[in-house]
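K.L.:
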Ligand code: AP5
């Protein structure tokens with residue numbers, strides 16, 4: 002027997018670095034990374050009914066309706082790998098109703114990370130972002146360029162990564178973020194995300210040992 006695994010939610014405006022930090026957290030702590038946006042893009046790519054509906058909303062920078070997103074995330078969270086190794090939930094919940102859906106199931110994180118990045122930086126990050134379709138790795142033309150010519154030749158851009166669309170996504174974020182934060186008030190760790198990805202990770206990494214210790218103490222007291 003061992004203490005329950007770590008459960009983390011990560012939130013922040015579009016392109017604040019959630020996916021980038023998740024790659025680093027996953028590598029060090031072995032948590033299962035569950036990204037609501039990635040799950041939706043997989044539905045879009047597979048051409049399912051849900052994917053077709055979701056794409057209309059994603060293209061407008063709006064939240065995809067709960068009846069598509071909530072079940073999709075719940076099912077993924079309850080899979081054995083996430084239950085056994087712990088999870089890192091990225092881009093969910095994004096509204097009060099999405100948070101409530103998890104609260105009703107008794108699903109609550111140990112920590113809620115909020116990445117705080119200035120608006121100018123967000124736009125620059127979105128426009129320069131590229132993705133490797135082979136490995137899923139996130140790049141940026143200026144801040145995290147592909148390691149080889151071969152990767153540089155195959156990277157792609159997301160359909161919602163234009164300056165115009167990111168402004169709509171930002172609006173949606175601002176409309177909903179306070180309601181979500183109100184549910185996790187006591188668990189929020191706000192991190193300045195304007196620094197380099199290594200420096201941002203160092204701050205997150207610095208916050209995690211005390212959470213792990215607390216969990217271990219609580220477990221021993223049982
Ligand atoms: P989603 O895919 O979640 O998009 P998002 O929230 O807009 O966030 P991003 O994935 O754009 O950015 P990120 O924060 O992960 O940044 P990244 O690490 O890539 O959602 C897309 C859409 O799906 C939504 O608009 C909505 O329609 C729908 N959706 C998703 N979840 C939903 C939900 N729960 N309910 C309803 N609908 C939902 O970094 C960005 C760039 O910056 C990269 O190029 C990276 O290399 C670079 N970078 C990262 N960190 C740094 C750094 N420290 N310094 C310099 N550059 C950096």
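In the numbering used here, the protein residues as written are 2 to 223.
Idealized CB from N, CA, C, for every residue including glycine.
None of the values given here were measured: they were computed from a predicted structure.
1) Keeping to the same chain, check which residues put their C-beta closer than 8 Å to that of residue 58; ignore five residues upstream and five downstream.
2) Starting from residue 13, trace the alpha helix (DSSP H) both ways and give me its first and last residue.
3) With respect to 7 Å, is the separation between the Cβ of residue 18 and the closest non-hydrogen atom of the ligand AP5 below this value?
4) Looking at the ligand AP5, does it come within less than 7 Å of residue 99, judged from the CB to the closest heavy atom?
5) Would the C-beta of residue 58 count as close to the ligand AP5, meaning under 7 Å from any of its heavy atoms?
6) Just checking my contact of residue 194 with residue 121 at CB under 8 Å: how many whole Å lie between their CB atoms?
7) Using only the heavy atoms of the ligand AP5, determine whether one of them is closer than 7 Å to the beta carbon of residue 207.
8) Return the first residue and the last residue of the alpha helix (DSSP H) that residue 205 is part of.
9) Run through DSSP, which three-state label would residue 112 get?
10) Since residue 140 sits in a beta bridge, which residues does DSSP pair it with?
11) Taking the alpha-carbon of residue 1 as reference, which of 127, 182, 76 and 185 has the nearest alpha-carbon?
12) Do residue 130 and the ligand AP5 come close, with the Cβ less than 7 Å from some heavy atom?
13) So what does DSSP say about residue 79, is it helix, strand or coil?
14) Under the rule that 16 or more other beta-carbon atoms within 10 Å means buried, what is residue 69, buried or exposed?
15) Going by DSSP, what residues sit across from residue 189 in a beta bridge?
16) Please list the terminal residues of the continuous beta strand (DSSP E) segment that includes residue 90.
17) Are the CB atoms of residue 202 and residue 22 nearer to each other than 8 Å?
18) The ligand AP5 and residue 217: does any heavy atom of the ligand fall closer than 7 Å to the residue's C-beta?
19) Kindly give me the distance between the Cβ atoms of residue 124 and residue 167, rounded to whole angstroms, as I take these residues to be in contact under 8 Å.
20) Taking 7 Å as the cut-off, is the CB of residue 48 close to at least one heavy atom of the ligand AP5?
21) Does the Cβ-Cβ distance between residue 182 and residue 89 come in under 8 Å?
22) Helix, strand or coil, according to DSSP, for residue 157 in the structure here?
23) How is residue 36 classed by DSSP in three states: helix, strand or coil?
P.N.:
Result, derived from the coordinates:
1) So the qualifying residues of the chain are 64, 65 and 66.
2) Premise fails: residue 13 lies in the beta strand (DSSP E), 8-13, not in any alpha helix (DSSP H).
3) With a threshold of 7 Å, the Cβ atom of residue 18 counts as near the ligand AP5, since some heavy atom of the ligand is closer than that.
4) Yes, the beta carbon of residue 99 sits closer than 7 Å to at least one heavy atom of the ligand AP5.
5) Yes; taking the cut-off as 7 Å, the Cβ of residue 58 has a heavy atom of the ligand AP5 nearer than that.
6) Actually they are not in contact, since the Cβ atoms of residue 194 and residue 121 sit about 13 Å apart, beyond 8 Å.
7) Incorrect: residue 207 has no Cβ contact closer than 7 Å to the ligand AP5.
8) Residue 205 -> alpha helix (DSSP H) spans 198-222.
9) Under the three-state reduction of DSSP output, residue 112 falls in the strand class.
10) Residue pairing of residue 140 in beta bridges, as defined by DSSP: 131.
11) No statement about residue 1 is possible, as the shown extent of the chain runs from 2 to 223 and does not include it.
12) Within 7 Å of the C-beta of residue 130 there is at least one heavy atom belonging to the ligand AP5.
13) Residue 79 falls in the coil class under three-state DSSP.
14) The residue in question, residue 69, is buried, as its Cβ has 16 or more Cβ neighbours within 10 Å.
15) Answer is 113, bridged to residue 189.
16) Element bounds for residue 90: 88-91.
17) Here residue 202 is near residue 22, since their CB atoms are less than 8 Å apart.
18) Not so, every heavy atom of the ligand AP5 lies at least 7 Å from the Cβ.
19) So it is a contact: roughly 6 Å between Cβ atoms.
20) Not one heavy atom of the ligand AP5 sits closer than 7 Å to the Cβ of residue 48.
21) Result no, Cβ atoms of residue 182 and residue 89 do not sit closer than 8 Å.
22) DSSP, reduced to helix, strand and coil, places residue 157 within a strand of the structure shown.
23) DSSP places residue 36 in strand when its eight states are reduced to three.
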